[in-house]
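The next block holds one structure in the form of structure tokens; read it before the comments.
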Amino acid sequence: MLPLLIEGDEGTIQVDGPANVMDSFDIFKDQDKTHIDEKVYPHRMYEEFRAFEKMIDDHDLVKDKEALDHSDQVMQVVQKAIDSAGLKLE
């Protein structure tokens with residue numbers, strides 16, 4: 001797999017691995033390289049699992065609705081992409 005590169009006027013960001021995971025990345029500016037890894041826990045979704053657990057424990061229906069609305073918006077974008085590409089899913 002080739003690295004994901006994001007190039008800008010002030011440098012380049014390189015992600016080694018899939019963009020949907022992005023455990024860490026490198027920033028290249030001139031001849032300098034800075035490695036960024038902000039993970040606190042080894043599993044990439046740990047913080048999301050904890051937030052979900054807290055939402056359930058607190059019976060937080062506001063955050064629940066926000067999360068569902070966000071998921072709905074994402075799926076609308078996915079559906080538009082499928083439609084515009086002329087794909088037929090079975």
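Start counting the sequence shown at 1; every next residue gets the next number (full-length UniProt numbering).
All C-beta atoms, glycine included, are put in the ideal place defined by N, C-alpha and C.
Going by C-alpha distance, which of Y46, G11, T12, K33 is nearest D23? It is Y46 whose Cα lies nearest to the Cα of D23.
For K29, three-class secondary structure by DSSP: strand
Are I36 and F25 touching if we call contact CB-CB under 8 Å? When the beta-carbon positions are compared, I36 and F25 come within less than 8 Å of each other.
Give me whichever residues DSSP pairs with V15 in a beta bridge. As DSSP reads the structure, V15 sits in a beta bridge with L4.
Give every residue of the same chain whose Cβ lies closer than 6 Å to the Cβ of G8, excluding the five residues on either side of it in the sequence, and list them in chain order. Cβ neighbours of G8 within its own chain (closer than 6 Å, five residues either side excluded): none.
Going by beta-carbon coordinates alone, are V21 and R50 separated by less than 8 Å? Annotated as distal: V21 and R50, with beta-carbon spacing of 8 Å or more.
Name the two residues that bound the continuous alpha helix (DSSP H) containing L68. For L68, the enclosing alpha helix (DSSP H) has its first and last residue at 61-85.
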